[in-house]
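S.K.: In the numbering used here, the protein residues as written are 1 to 400. Backbone N, C-alpha and C define an ideal beta-carbon position, used for all residues, glycine too. No experiment lies behind these values; they were computed from the predicted model shown. This is the structure I have questions about; it appears just below.
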Ligand SMILES: [Zn+2]
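Below you can see the structure in the form of structure tokens.
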């Protein structure tokens, strides 16, 4: 069932019925009282009880068989380069593997692993535009990759940001990975980027690999990027008092990554909760990286934060969906009319001690992915990477 529909052309009408648990992605109301989702040509058109929604004339009907439906997961921090290949670990098809971990959208934090990456301003801009174009046109398994994220290099002027924005660049790679490492210089460039509609992320903590550097809380506060990138380090975390200070004094997104310090990640989560600001928490893998590539990284973070961080599992799913979509201004991440029809269907893994999906995640187990849908099209059935789901959704009718 790997390619149930062609990846091109409108998806027509999709009806998913018999959903056992509907996870909305919205922290204010993480579980919806609904069992049916309808989408037309890749957009959600209705969410509700079967008897209340119009499910006539569907091209594709899916029986969720009582399993859970969540928005497709969003990885807020990846480092793609070209194609479905990473030179970092010489690995092919890593993006397709993430699809099997429920990820339907990725946000680049910089294409910094390109061997011989240009560091002059013209080269930085050319790479950003090329990456933006290439990943706009190339979507392995349908995964949406928002790329073209230049890192700040010395000598960039406001005109460069205007030019990048006009060319379609919407993101900055991690501030601090390029030559600009001082708070003052970063602040000026981040402000130019923001003025021209380009969102920014800052590297937080010690150097990741030889060649990157320390960014401490003073630099993060001064630069004032839109996302406190890997607040739990990538891997080396700042001292916990600095992490607290960032949560308290910088109102920006708090990004927790898989390839970071888990203790620091749990501390950031608890601090955000104490502040009553869980809506700021977003998740990424920060991969490919020295630690490798983690197809299940977002699911693993959800299980970690729910089990050890004692956050209800339905809320932990919101960190990787609705929260990220809001912070990153994406049209996915929530189950509501008008949003992209990007879904992951899940069930508790076979032989988990949990009594149901949410309980299994609270116990620290990974869920089993049974199906992934992007833009209203079925992309995969049972995941090749997660532990097997107890029950799996199935396509019961498909007209072509
Ligand atoms: Zn980093």
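#1: Return yes when the C-beta of residue 208 is under 7 Å from any heavy atom of ligand 1, and no when it is not.
#2: Could you say if the region 91-101 and the region 291-299 meet the contact criterion of at least three C-beta pairs nearer than 8 Å?
#3: Given this structure, state the Cα-to-Cα distance separating residue 200 from residue 86, to the nearest angstrom.
#4: Check whether the Cβ atoms of residue 359 and residue 390 sit closer than 8 Å, and answer yes or no.
#5: Using the three-state DSSP reduction, which class does residue 307 fall into: helix, strand or coil?
#6: With respect to the beta strand (DSSP E) encompassing residue 108, which residues constitute its N-terminal and C-terminal limits?
#7: Quick one: complete alpha helix (DSSP H) runs, 4+ long, within the region 38-113?
#8: Using 8 Å as the cut-off, can you tell me whether the region 334-353 makes contact with the region 113-127, which would need three or more C-beta pairs spanning the two stretches below that distance?
#9: Determine the DSSP secondary structure at residue 278, reduced to helix, strand or coil.
#10: Secondary structure at residue 395, three-state DSSP: helix, strand or coil?
#11: Answer with buried or exposed for residue 242, where buried requires no fewer than 16 other C-beta atoms within 10 angstroms of its C-beta.
#12: Give the straight-line distance between the Cα atoms of residue 160 and residue 125, rounded to the nearest whole angstrom.
#13: Taking C-beta to C-beta, are residue 365 and residue 303 nearer than 8 Å?
#14: CB of residue 258 to nearest heavy atom of ligand 1: below 7 Å?
#15: Take residue 131 and list the residues in its own chain whose beta-carbon comes closer than 6 Å to its own, dropping the five residues that flank it on each side.
#16: Tell me whether residue 2 sits in a helix, a strand or coil according to DSSP, three-state version.
#17: Please report the straight-line C-alpha distance between residue 253 and residue 286, rounded to a whole angstrom.
#18: For residue 237, collect the residues of the same chain with a Cβ closer than 6 Å to its Cβ; drop the 5 residues on either side in sequence, then sort them by chain order.
#19: Name the residue from 27, 256 and 211 whose alpha carbon lies nearest to the alpha carbon of residue 318.
#20: For the alpha helix (DSSP H) containing residue 317, name the first residue and the last one.
M.R.: According to the data block:
#1: Correct: residue 208 has its Cβ closer than 7 Å to ligand 1.
#2: In this structure the region 91-101 lies against the region 291-299, because at least three pairs of beta carbons, one per stretch, are closer than 8 Å.
#3: Spanning the two alpha carbons is a distance of roughly 23 Å.
#4: At a Cβ-Cβ threshold of 8 Å, residue 359 and residue 390 do not count as neighbours.
#5: It is helical.
#6: Residue 108 -> beta strand (DSSP E) spans 103-108.
#7: DSSP runs (the alpha helix (DSSP H)) wholly in the region 38-113: 94-99.
#8: Taking a cut-off of 8 Å on C-beta distances, the region 334-353 does not touch the region 113-127, as fewer than three cross pairs fall below it.
#9: DSSP places residue 278 in helix when its eight states are reduced to three.
#10: Correct three-state label for residue 395: strand.
#11: With 16 or more Cβ atoms within 10 Å of its Cβ, residue 242 is classed as buried.
#12: Those two C-alpha atoms are separated by around 8 Å.
#13: Yes, these two residues count as a Cβ contact at 8 Å.
#14: Exclusion of residue 258 from the 7 Å shell around ligand 1 follows from its C-beta lying no nearer than that to any non-hydrogen atom of the ligand.
#15: If the five residues before and after residue 131 are omitted, its C-beta is found closer than 6 Å to the C-beta atoms of 111, 147 and 148, all from its own chain and listed in chain order.
#16: At residue 2, the pLDDT of 39 sits below 50, so the modelled position is not reliable and the matter cannot be decided from this model.
#17: Those two C-alpha atoms are separated by around 15 Å.
#18: The answer, listed in chain order, is 205, 261 and 264.
#19: Nearest neighbour of residue 318 by Cα position, chosen from 27, 256 and 211, turns out to be 27.
#20: It spans 313-319 - the alpha helix (DSSP H) in which residue 317 sits, taken as one unbroken run.
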